[in-house]
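Chains A and B, in that order, are what the protein sequence lines are. Terminal number for the first sequence in the numbering used here: 304, no gaps in between. Terminal number for the second sequence in the numbering used here: 678, no gaps in between. Glycine included, every Cβ here is placed at the ideal spot set by N, Cα and C. Predicted model, so just to flag it, every value in this text is computed and none were measured. All remarks here apply to the structure that follows.
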Amino acid sequence: MTQYVIRRLLLMIPVAFLVTIIAFGLLRLAPGDPVLVYAGEERDPVSLQELRVLYGLDKPLPVQYIVWLQHAVRGDLGRSLRTRQPVSEAIIERLPATLELGLAAIALSTSIALIVGTIAAVKRNSFVDLLTSSITLAAVSLPNFFLGLILILVLGLALRMFPPGGYVPFLEDPGDNLRRLVLPAITLATASMAVNLRQVRSSLLDVFSHEYIRTARAKGLRESTVIARHAMKNALIPIVTLIGLQIGSVIEGAIITETIFFWPGVGRLLVDSITGLDYPVVQAVVLVSALSFMLSTLAVDMLYAWLDPRISYGRSRT
Amino acid sequence: MSWYLRRNPRIVIGGTLVAGLLLIAIFAPLIAPYDPIAVDASQALEPPGSLHWLGTDDLGRDVFSRVVYGSRISLSVGVISVSIGFIFGVSIGLLAGYLGGLVDLLAMRAIDALLAFPALVLAIAITAALGPQIQNAMIAIGVVAIPAYTRLTRGQVLSLRERDFILAARMVGVPTLRIVLRHIFPNASNALIVQASLATAFAILAEAALSFLGLGSQPPQPSWGQDINYSQRYLSNLKWWMSAGPGIAIFTAVFAFNFLGDALRDALDPRLRRAA
């Protein structure tokens, strides 16, 4: 196991290195002179040259990359072009809102997936099962921005059950915070709920076909005990993986939902920065979301290996 | 055909939906009752009715006509970006899997690096860097699609490489390229067809998301995602029809390709039945 962990960590180093190169390179992909990104309205050649020197853009690309990387490793991701705020500060400021939304959505999607998925698996090929599989296929095909707009329109504006958008910090007004959380959380949860539900159903069905479940039933255990105590334990392993990956991609999921609901998180920061041509922020959010995604993949792999001793650590997972 | 219908009704249903979408896109000028970008202020914000089936937007443009023409953007992004992903992904996968060694190591680390980015974040970042244009959205979604094909192809190659028929071909002196293209690739094609269908669903959804964020096609071009974004400003007046048409269109298109992909997976490759 230790060897497996070390191996995975070592394999991560070149990948993380490539990830930083891609994140750095993206800014340079932009057509035109990169100094114009920093210059705003300024077009005077002398000032442009000063800016070039100030931001190190007069140096060769590999040197620029290494300087950027040295700063990034120390947590210095540059400053926002629009607000002059340090980028890392801007991200940390917005992280709580994103995490609140993301975790609420994951909690919602997981609990529904576990309950409905189990029912669908137990009552396989029944009407309930058929209905669930149709609904899940529909849910993964529904664009979340459209779902968000439907919710805003129906529950927010027409029926006035929930506020149609906006954010209030939890510590300021817990009740209002939670009321504003409902619609974006449902929006964000729907697609992952469908994926999780299919996984719960299929891994339960897979486990049901095993001998030890038959043994448990033959012992005369109640069906609920067989499911909860015997089947669930093994069926949950792939679901844990799935949820781990969803936690890692919380920023990605939040991009659109936060934009629709005016939720001031990291996803909205990314969208606002793209519209405002604020490239250092875009670069940083891309880097942070890739690294958190990588770390969660690593954590999930280790958790998986720990939960399921049948997995061999000898070969890399490629 | 009737035999096929009985054996695989879901493939036929999915295939019909996809074919219907393609026909709508191809014959858009014949189907759309109005010019999708013609402004008519006297008809602004009309609710759905006999004259305008899905209503009109604030500029008096017919929503139904825009939805019909929007299918052209969505489907061409789907086809082109999936082709980009397919061509590059499969080539890299074939080479990495068959040649092995250093080529494999380097190629797979590059693929790992692409996979390290959440798909939508990468697509958004590439499009933002290249500039908000529909062509760039196609490239971005295509790049995001590469890793899945590479891994799938490489896995198939690795499992086939040591099989007797490949060894036999190698023994009688068939050139490497020919072995890869004529003997290995066809064996991997079932899994690739399934992936292509599911990837098209993702591509249409991603294009809609990019256009919704203003990174895809630009006004006045009719595009489902962008039209929904545009309609947002009339949401508070409860002018729901401006978003309903394009939203249902995206849903139908993505659903069709997902449905077809699922059905193909069950029919073509039971081993792949990733019940997820």
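1. Can the beta-carbon of V469 of chain B be found less than 9 Å from the beta-carbon of L461 of chain B?
2. Spatial neighbours of P155 of chain A within its chain, please: C-beta separation below 7 Å, excluding the five flanking residues on both sides.
3. Which chain B residues sit within Cβ distance under 9 Å of L13 of chain A?
4. Under the assumption that G88 of chain A contacts V236 of chain A (Cβ atoms under 8 Å), give the Cβ distance between them as a whole number of angstroms.
5. DSSP puts T458 of chain B in a beta bridge; with which residues?
6. What does the Cβ neighbour count give for D159 of chain A, buried or exposed, with the cut at 16 atoms within 10 Å?
7. Within 9 Å of any Cβ in chain B, is that where the Cβ of I306 of chain A sits?
8. In the structure shown, what three-state DSSP assignment does V268 of chain A receive?
9. Per DSSP, what kind of secondary structure is R65 of chain A in: helix, strand or coil?
10. Closer than 9 Å, CB to CB, is S645 of chain B near chain A or not?
11. Quick one, which of A:G103, A:L43 and A:T(-12) has its alpha-carbon nearest L191 of chain A's?
12. Leaving aside the five residues before and after V420 of chain B along the sequence, list all residues of the same chain whose C-beta is less than 7 Å from its C-beta, in chain order.
13. Quick one: what does DSSP say P155 of chain A is sitting in, helix, strand or coil?
14. Applying the 10 Å Cβ sphere with the 16-neighbour rule, what's the burial state of P170 of chain A?
15. With DSSP collapsed to three states, give me the class of R303 of chain A.
16. Could you check the C-alpha separation between S178 of chain A and I98 of chain A for me, to the nearest Å?
17. With DSSP collapsed to three states, give me the class of P48 of chain A.
18. For S189 of chain A, count neighbouring Cβ atoms within 10 angstroms of its own Cβ and tell me buried if that reaches 16, exposed if not.
19. So R166 of chain A is in the alpha helix (DSSP H); what residue range does that whole segment cover?
20. What three-state label does DSSP hand P72 of chain A in the structure shown?
21. Smallest Cα separation from A547 of chain B: which of B:L522, B:D442, B:R565 and B:S561?
22. Whole angstroms are fine: how far does the CA of A530 of chain B sit from the CA of L640 of chain B?
23. Using only alpha-carbon positions, find the residue among A:R65, A:A291, A:L222 and A:L157 that is nearest to D264 of chain A.
24. I need the straight-line Cα distance from R630 of chain B to F131 of chain A, nearest angstrom please.
25. Give me the Cα-Cα distance between F429 of chain B and A446 of chain B, rounded to the nearest whole angstrom.
26. Can you name the start and end residues of the alpha helix (DSSP H) that P629 of chain B belongs to?
27. Can you find a C-beta in chain A that's less than 9 Å from the C-beta of L516 of chain B?
28. Just the C-alpha distance for A25 of chain A and G253 of chain A, rounded to the nearest angstrom, thanks.
29. Can you pull the chain A residues whose beta carbon is under 9 Å from the beta carbon of D664 of chain B, in chain order?
30. Could you list which residues in chain B have their beta carbon closer than 9 Å to that of V286 of chain A, in chain order?
31. Between S473 of chain B and A427 of chain B, is the Cβ-Cβ spacing less than 9 Å?
32. Taking a Cβ distance cut-off of 8 Å, strictly less, list which residues of the stretch 455 to 476 of chain B are near chain A, in chain order.
33. Work out the CA separation of G11 of chain A and Q50 of chain A for me, nearest whole Å.
34. Take A76 of chain A as the anchor and find which of A:Y153, A:L63 and A:L100 has the nearest alpha-carbon.
35. Please classify V39 of chain A as buried or exposed, where buried requires at least 16 other C-beta atoms within 10 Å of its C-beta.
On the basis of the supplied data:
1. Annotated as distal: V469 of chain B and L461 of chain B, with beta-carbon spacing of 9 Å or more.
2. The answer, listed in chain order, is N163.
3. Neighbours of L13 of chain A in chain B, taken as residues whose beta carbon is under 9 Å from its own, are A531 in chain order.
4. Taking C-beta atoms under 8 Å as the contact rule, G88 of chain A and V236 of chain A qualify, at a distance of about 3 Å.
5. T458 of chain B pairs with B:D464.
6. So D159 of chain A counts as exposed.
7. No information on residue 306 of chain A is available, as it lies outside the stretch -13 to 304 that chain A covers here.
8. Residue state, collapsed to three classes: helix.
9. R65 of chain A: strand per DSSP, three-state reduction.
10. It does; some Cβ of chain A falls within 9 Å.
11. Taking each of A:G103, A:L43 and A:T(-12) in turn and checking the Cα distance to L191 of chain A, the smallest one comes out for A:G103.
12. So the list reads A658, F659 and L662, once near-sequence residues are dropped.
13. In the structure shown, P155 of chain A sits in coil (DSSP, three-state: anything other than H, G, I, E or B).
14. P170 of chain A should be labelled buried.
15. With a pLDDT of only 43 at R303 of chain A, under the threshold of 50, the placement of this residue in the model should not be trusted; the figure read from the coordinates follows. It is coil, neither helix nor strand.
16. Approximately 11 Å between the Cα atoms of the pair.
17. P48 of chain A falls in the helix class under three-state DSSP.
18. So S189 of chain A ends up on the buried side.
19. Unbroken alpha helix (DSSP H) run through R166 of chain A: P160 to F194.
20. DSSP places P72 of chain A in strand when its eight states are reduced to three.
21. Taking each of B:L522, B:D442, B:R565 and B:S561 in turn and checking the Cα distance to A547 of chain B, the smallest one comes out for B:L522.
22. Approximately 32 Å, taken between the alpha carbons.
23. Among A:R65, A:A291, A:L222 and A:L157, the Cα nearest to that of D264 of chain A belongs to A:R65.
24. What sits at residue 630 of chain B in the sequence shown is Ile, not Arg. Computed Cα separation, rounded: 8 Å.
25. Rounded to whole angstroms, the separation of the alpha carbons of A446 of chain B and F429 of chain B is 26 Å.
26. Per the sequence shown, residue 629 of chain B should be read as Asp rather than Pro. Following the DSSP letters along the chain, one finds D629 of chain B inside the alpha helix (DSSP H) bounded by residues W626 to S633.
27. Yes, its Cβ sits closer than 9 Å to a Cβ of chain A.
28. Straight-line Cα distance between these residues: approximately 25 Å.
29. Those within 9 Å of D664 of chain B in chain A are L123.
30. Near V286 of chain A there are no residues of chain B at all, since even the closest Cβ is about 13 Å away, more than 9 Å.
31. Yes.
32. Across the stretch 455 to 476 of chain B, no CB contact with chain A closer than 8 Å is found for any residue.
33. Answer to the nearest angstrom: the Cα atoms are 11 Å apart.
34. Closest in C-alpha terms to A76 of chain A, from the list A:Y153, A:L63 and A:L100, comes A:L63.
35. V39 of chain A counts as exposed, since fewer than 16 other beta carbons sit within 10 angstroms of its beta carbon.
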